[in-house]
Amino acid sequence: KTLQWAYAELRARGSLPGVNKLQSYFADLLDRKHLKKADHTKLNERGRKALALYFGERGKTMSAGDLVERGFNNEGVMIDQARLSGKIDKLHFTDAGRVQVIDFKTGKPAASWRGKDEYERLKLHKYRQQLLFYKLLVENSASFARKLTVESGALEFVEPDERGRLVDNLTLEFSTEELERFSKLIGAVWRHIMEL
96 KTLQWAYAEL RARGSLPGVN KLQSYFADLL DRKHLKKADH TKLNERGRKA
146 LALYFGERGK TMSAGDLVER GFNNEGVMID QARLSGKIDK LHFTDAGRVQ
196 VIDFKTGKPA ASWRGKDEYE RLKLHKYRQQ LLFYKLLVEN SASFARKLTV
246 ESGALEFVEP DERGRLVDNL TLEFSTEELE RFSKLIGAVW RHIMEL
């Protein structure tokens, strides 16, 4: 939510809020949650540190032209017989008619798609499917079909690694075979749902 607000401020005012304002906005959102005092304190500290680092390093690369929290609920996206909807964290326009779909991730960042253990491999597999899903949403939507091509997807980690540094985005180049296989999976799952 804080990232979404920062982008809205960038579009409206032409500049990002300062770190103190970002941290205050985050703290206000956190105060509205019903958390144990210890959890609140821990998350507040973690969020303040992450926001200072993230906006300190990435703020200069943020673009007012990016679409953030773009919903696709009324876009008529159909794959096979499945009706798709969702919300994409960020559409980053790379050049005329080309975008990258980006999903913000908190928590421990991943350095590659291979994963270090079985748990991380499973998590990254789901993230990969999420990016494939986003490509289908954009390219089959009423607003963007035949107007935009999603050239890649990426996970953008907003928290640092164990050394306290932000990692580069984990980028996914889409393959035709993987996209076709995923589309078939969507159709099969939809049929199972409809047939109970």
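Counting from 96, one number per residue, gives the positions in the sequence shown under the working numbering.
For every residue, glycine included, the Cβ atom is placed at its ideal position computed from N, Cα and C.
Between which two residues does the beta strand (DSSP E) harbouring T189 extend? K182 to D190
Taking one C-beta from the stretch 160-170 and one from the stretch 180-191 each time, how about it: are there three or more such pairs within less than 8 Å? yes
Leaving out five residues on either side along the sequence, give the residues of the same chain with a beta carbon under 6 Å from the beta carbon of A159. L105 and R106
Own chain residues within Cβ distance below 8 Å of A177, not counting five before or after: I281, G282, V284 and W285
Looking at C-alpha atoms only, which residue of V253, T266, K116 and D175 is the closest neighbour of M289? The shortest CA-to-CA distance from M289 to any of V253, T266, K116 and D175 is the one to D175.
With 16 other CB atoms within 10 Å as the buried threshold, where does P101 fall? At residue 101 the sequence reads Ala, which differs from the Pro that was named. Buried, by the Cβ-count rule.
Which residues does DSSP list as the beta-bridge partners of K96? Its beta-bridge partners do not exist; DSSP assigns none.
So if DSSP puts T266 in a beta bridge, which residue, or which two residues, is it bridged to? A249
For the ligand ZN, I want to know if N115 counts as a neighbour, meaning its beta carbon is within less than 7 Å of at least one of the ligand's heavy atoms. Among the components of this structure there are no ligands whatsoever, and the ligand ZN is therefore not found.
What does the Cβ neighbour count give for N115, buried or exposed, with the cut at 16 atoms within 10 Å? Only exposed fits N115, as fewer than 16 other CB atoms lie within 10 angstroms of its CB.
Let me make sure I understand the geometry here. Which of K132, K96 and L130 has the alpha-carbon closest to that of F121? K96
Helix, strand or coil at F167 according to DSSP, with G and I counted as helix: When DSSP states are grouped into helix, strand and coil, F167 belongs to the coil group.
Compare the beta carbon distance of L219 and V196 with 8 Å and say whether it is the shorter of the two. no
Which value, in whole angstroms, describes the spacing of the CA atoms of A237 and H287? 26 Å
Just curious, the beta strand (DSSP E) that A177 is in, first and last residue? A177 to L179
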